[in-house]
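J.:
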Amino acid sequence: MLADLKKDNEEDVYHLHEEYEMDLVETFLFSWDPCYGKCKIRLTNATIYGMNNMTRYGNGIMTNDGSDIVFRFRLQAYNLKIKGIMTLKLIGYSVTDAPFINQVDYQVQYLELSVGEKNKVSLKELRVEQIENVQVEFTRFQDSKILKKFSDMISKKIMAMME
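Whatever position you read off the sequence shown (first residue = 1), add 3 for the working numbering.
(1) Where does the unbroken beta strand (DSSP E) through K93 begin, and where does it stop?
(2) In terms of residue numbering, what span does the beta strand (DSSP E) encompassing N48 cover?
(3) Considering only the beta carbon of each residue, do K86 and P102 sit closer than 9 Å?
(4) Would you list the one or two residues that DSSP bridges to E140?
(5) Considering only the beta carbon of each residue, do E115 and F141 sit closer than 9 Å?
(6) Please go through the same chain and pick out, in chain order, the residues whose beta-carbon is closer than 7 Å to the beta-carbon of N82, but skip the five residues on each side of it.
(7) If you measure between the beta carbons of E120 and S70, is that distance less than 9 Å?
(8) Should N136 be labelled buried (16 or more other beta-carbon atoms within 10 Å of its own) or exposed?
(9) Alpha carbon to alpha carbon, how far is S117 from L126? Give it in angstroms, no decimals.
(10) Less than 9 Å between the beta carbons of V131 and Q112, yes or no?
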């Protein structure tokens with residue numbers, strides 16, 4: 004499915020400098036929360052490919068919060084690919100902690116960035132507002148047919164929940 008991404012290509016690459024944990028319901032704007040705030044996705048050692056395919060979507064807003072400058076804007080991305088380690092926690096229990104490869108054909112996301120003293124940049128909010136044609140492959144499970152089917156089932160359920 005994503006064999007071309009398994010080769011490391013250092014063009015157009017961004018390495019995430021820390022772990023990111025997202026609440027499934029808030030990030031993907033589900034209409035209801037079956038986990039009561041305890042469904043999380045954590046990305047570790049992630050690398051994003053295709054940053055040149057990302058552009059501003061609509062107008063942005065710049066304001067201040069105390070001594071920080073705050074930027075609120077939307078980005079659209081085409082053919083965005085991500086590699087890393089994904090930990091999926093459902094109702095507080097870790098379901099998987101596995102290497103993954105993800106490809107998104109199109110995505111619109113809302114970001115709020117804060118620039119503080121000494122140019123310290125923080126991501127205050129990230130929310131996916133639209134997403135199309137997502138493929139997720141847990142690479143550790145590719146040699147086992149049973150685990151591969153389980154991996155596919157998890158990724159299909161996650162994608163179905165986002166629609």
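For each residue, glycine too, the CB sits at the ideal point set by N, CA and C.
T.: For this structure:
(1) Sequence check: residue 93 is Leu here, not Lys. Going by DSSP, L93 is part of the beta strand (DSSP E) stretching over 71 to 93.
(2) For N48, the enclosing beta strand (DSSP E) starts and ends at 43 to 52.
(3) Yes, the pair counts as a contact, with Cβ atoms nearer than the cut-off.
(4) When beta bridges are read from the DSSP output, E140 appears opposite I104.
(5) Not a contact, by the Cβ cut-off of 9 Å.
(6) G53, N56, D108, listed in sequence order.
(7) For E120 and S70, yes; Cβs fall inside 9 Å.
(8) Counting Cβ neighbours within 10 Å, N136 comes out exposed, since fewer than 16 surround it.
(9) L126 and S117 have their C-alpha atoms some 6 Å from each other.
(10) Going by C-beta atoms, V131 is nearer than 9 Å to Q112.
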